[in-house]
Structure formats: C-alpha cells, structure tokens
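Q: According to UniProt numbering, the sequence shown holds residues 1 to 286 in order.
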Amino acid sequence: MINKLGLFTKRLWKRYSSHNIAATSAQIAYYWILAFFPFLIFILTLLSYTQIPTELFLSNLSKVVPASLVPFIENTVERFISYRSTTLLSVGVLISLWSGGTAVNAMIRGIHLAYNSKYVRPFWLARLSGVVYTIMLALLIIVMMVGMVFGDRVGRYIIRGLDINTGIFMPLWNLGRLIMTPIALLVVLYIIYTFVPRKYTKYKNVWPGTLVAALGWYVFTLFFSVYIDNYSKYNQLYGSIGSIFILLIWLYASCMLLLIGAEVNALYQEIKLGKSARRFIVLKEE
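(1) Taking the C-alpha atoms as reference points, what is the distance between residue 55 and residue 70?
(2) Is it right to say residue 123 is buried, meaning 16 or more other beta carbons lie within 10 angstroms of its own, or is it exposed?
(3) Tell me the start and end of each unbroken beta strand (DSSP E) in the region 197-230 that is at least 3 residues and wholly inside, in chain order.
(4) Quick one: is residue 251 buried, meaning 16 or more other Cβ sit within 10 Å of its Cβ, or exposed?
(5) Mind checking which residues open and close the alpha helix (DSSP H) that includes residue 187?
(6) Give every residue of the same chain whose Cβ lies closer than 7 Å to the Cβ of residue 274, excluding the five residues on either side of it in the sequence, and list them in chain order.
(7) Looking only at its chain, what residues have a beta carbon closer than 6 Å to the beta carbon of residue 253, apart from the 5 residues adjacent to it on each side?
(8) Have a look at 171, 10, 206 and flag the residue whose alpha-carbon is nearest the alpha-carbon of residue 186.
(9) Does the region 242-249 come into contact with the region 187-197, if we say contact requires no fewer than three beta-carbon pairs (one atom in each stretch) closer than 8 Å?
(10) Taking the alpha-carbon of residue 105 as reference, which of 30, 201, 213, 247 has the nearest alpha-carbon?
(11) Could you check how far apart the C-beta atoms of residue 66 and residue 260 are, in whole angstroms? I think they sit under 8 Å.
(12) Under 8 Å by Cβ, that's how I've got residue 179 and residue 107 pegged, so tell me the actual separation to the nearest angstrom.
(13) Tell me which residues share the same chain as residue 103 and place their Cβ nearer than 7 Å to its Cβ, disregarding the 5 neighbours each side in the sequence.
(14) Using only CA atoms, which one of 188, 249, 265 lies nearest to residue 224?
(15) For a test of the three-state rule: what should DSSP assign to residue 112, helix, strand or coil?
(16) What does the Cβ neighbour count give for residue 96, buried or exposed, with the cut at 16 atoms within 10 Å?
(17) Closest to residue 212 by C-alpha separation, out of 202, 181, 263, 175, would be which residue?
(18) In the structure shown, what three-state DSSP assignment does residue 6 receive?
(19) From what residue to what residue does the alpha helix (DSSP H) around residue 243 run?
(20) Using the Cα positions of residue 26 and residue 114, report the straight-line distance between them to the nearest angstrom.
(21) Residue 272: which of 78, 182, 208, 116 sits nearest, CA to CA?
(22) Which value, in whole angstroms, describes the spacing of the CA atoms of residue 12 and residue 267?
(23) My output table needs one value for residue 66: the three-state DSSP class, helix, strand or coil.
(24) Residue 265 and residue 218: beta carbons closer than 8 Å?
(25) According to DSSP, simplified to helix, strand and coil, what is residue 71?
(26) Shortest alpha-carbon distance to residue 269 belongs to which of 202, 258, 125, 222?
(27) Assuming residue 24 and residue 110 are in contact, meaning their beta carbons sit under 8 Å apart, how far apart are those beta carbons, in whole angstroms?
(28) Where does residue 105 sit, in a helix, a strand or coil, going by DSSP?
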C-alpha cells in the first residue's frame, strides 16, 4: 500500500512538472486578483435584491478566506460601496465578468491538460462561456447565503408542513446548515472535474481528486490562517499592501490545489483503465 502510494505520488509529481501546474496556477490567480473585489461588488449587488444584509455576507467570509484577510476585504468593499456611483459599479461588474471569465478559461485549459488534451474554442465562445460560468458561481454563492440566512425559517416551515418532531429534526437541520460550505465545495469541485473534461473522464473517476482538492484547500487555509495570524509580519513590513500579498498567495495555492485535483483524477483513471494517455489530443468544439 505504501509502495503504491509512493509510486502514485512520484508519477503525480512528474505530471505536476511536465504540465507546468505552478505557471498555470499563477496565471489563474493573477486574473482572479483582478476580478476579486469587482466580483465581490457584483455579488453584493445581487444580494441587494434579497433580504440579506451586506454585513452578514462579509461576516461569513471567514469561513472561506483566511481570517486575517477579512478586515482588509471588508474595508475595501465598504469604501467601494460608499461611493454609490452607478458608473463605478457598472465598470466593476464588467471587470469582474471579464477577468473572472479569463480565469475560468485558464482553469479549463489547465484541467484539459491533465488529460493530455488541448482546449480549443473560438475566442467569442470561450469568452462567453467564461462569463456564464462566472455568473453561475456568483449565483451559487447567493444560494448558499440564502440557505444560511433563511435556513432556520425553512426548517420550521418543514416541521409545520410535515408535522415532524422539533427536538429531533431541528438539531439535524442546523447541523446540515453548518456543513453546507464544505458540502457546497465538494459539489462544485465534483461538477468541475466531471463536466469540464467530460469527453475524457467518467463521473465515477473524479472522487479522488475532488476529495484531495477539498481536503487540501481546507487544511492549507487553516494552517495559512494560523501562520499569518501568529507568525507572519507581512502587515508590519508592507502595511496594507501586505494583505494583497496574503490574498495573492492564498489564491495561488487554491488554484494550484484545483489543478492538482484534476491531475489526481487523470492519473487515477489512467491507472484504473490500465492505459497510458500519452497522446496529445486537440479538442475542437464547434
């Protein structure tokens, strides 16, 4: 078992090097940095059509990003919102869709490369797909927020409608709300790993990479947050720009773990099928 794991890790490292995971991760992180704050503004704009207050959304950021970044993000977003400029908001939304779409397309190319395939699409179609995926991501975040805010009301509505024992149902319901974020992460990763390289993989072969990416992301975020809070001197050395460095490192590592998950899936499938996928296939979708 240990020998097999060691061999798997060795082959995974070779794929990491040959597929330039580090460089691709840096490219994706760069575009997400450009899109990050405009994307948050875009989400907050959508939230304005619901009953969810902005403060509640920002307070839940600590469940996703390192805790030390939350004050910096809150201050930046609040300053942005305080201008209340329709033009500025519109420009921010356009930037988030453009940069986010570019980041999504870079991510898709990186995942295809894990299966030794090349993602080729007309420019307009690739750009449109990236924008659509970015909007879908924003809507998913909104749905998660609605679930966290109104989950208690929904639970009590179910109790009244189905006449369920409150003492048994509500603790289980609240537990489900608590683990909504990790479950949502698993679902999103599973969908990405299943449908992005859909011509090269099967839904049963993407669980290893999904679990590796999700677990790796949670562990990294936890330890990175502890390190920043207790040992790092970024903010002392660089001031407010230190938070930008922290955000960039976190996004870079997150993108890298996403691509590593795809490599794990591709290698697992290669071993499982007993075939070597060394051919370089050009995927051309009309």
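Glycine residues also receive a C-beta, built at the ideal position from the N, C-alpha and C atoms.
This one's a predicted model, so the numbers in the text were calculated from it and none came from an experiment.
A: So, from the listed chains and residues:
(1) The straight-line gap from Cα to Cα measures roughly 12 Å.
(2) An exposed status is given to residue 123, since fewer than 16 other beta-carbon atoms sit within 10 Å of its beta-carbon.
(3) With a minimum length of 3 residues, no continuous beta strand (DSSP E) run stays inside the region 197-230.
(4) Taking all protein chains in view, the Cβ of residue 251 is crowded by 16 or more other Cβ atoms within 10 Å, so the residue is classified as buried.
(5) In the DSSP assignment, residue 187 falls within the unbroken alpha helix (DSSP H) covering 180-195.
(6) Around residue 274, the same chain offers no residue with a beta carbon nearer than 7 Å, after the five sequence neighbours per side are excluded.
(7) Contacts found: 220.
(8) The shortest C-alpha separation from residue 186 is found at 206.
(9) Remark: fewer than three beta-carbon pairs, one from each stretch, lie closer than 8 Å, so the region 242-249 and the region 187-197 are not flagged as touching.
(10) Closest option to residue 105, Cα to Cα, is 30.
(11) Actually they are not in contact, since the Cβ atoms of residue 66 and residue 260 sit about 20 Å apart, beyond 8 Å.
(12) Not confirmed; about 26 Å, so no contact.
(13) Cβ neighbours of residue 103 beyond the five flanking positions: 28, 31, 32, 35.
(14) Nearest to residue 224 by C-alpha distance, out of 188, 249, 265, is 249.
(15) Residue state, collapsed to three classes: helix.
(16) The C-beta of residue 96 has 16 or more other C-beta atoms within 10 Å across all chains shown, which makes the residue buried.
(17) Taking each of 202, 181, 263, 175 in turn and checking the Cα distance to residue 212, the smallest one comes out for 263.
(18) In this structure, residue 6 counts as helix in the three-state DSSP scheme.
(19) Going by DSSP, residue 243 is part of the alpha helix (DSSP H) stretching over 241-273.
(20) Spanning the two alpha carbons is a distance of roughly 16 Å.
(21) When each option's Cα is compared against that of residue 272, the closest is 208.
(22) Roughly 7 Å between the two C-alpha positions.
(23) Note: residue 66 maps to coil in three-state DSSP.
(24) It is not a contact, given that the beta carbons lie outside the stated cut-off.
(25) For residue 71, the three-state secondary structure derived from DSSP is helix.
(26) Measuring from the Cα of residue 269, the nearest candidate turns out to be 202.
(27) The Cβ separation is near 4 Å, so the contact holds.
(28) Helix.
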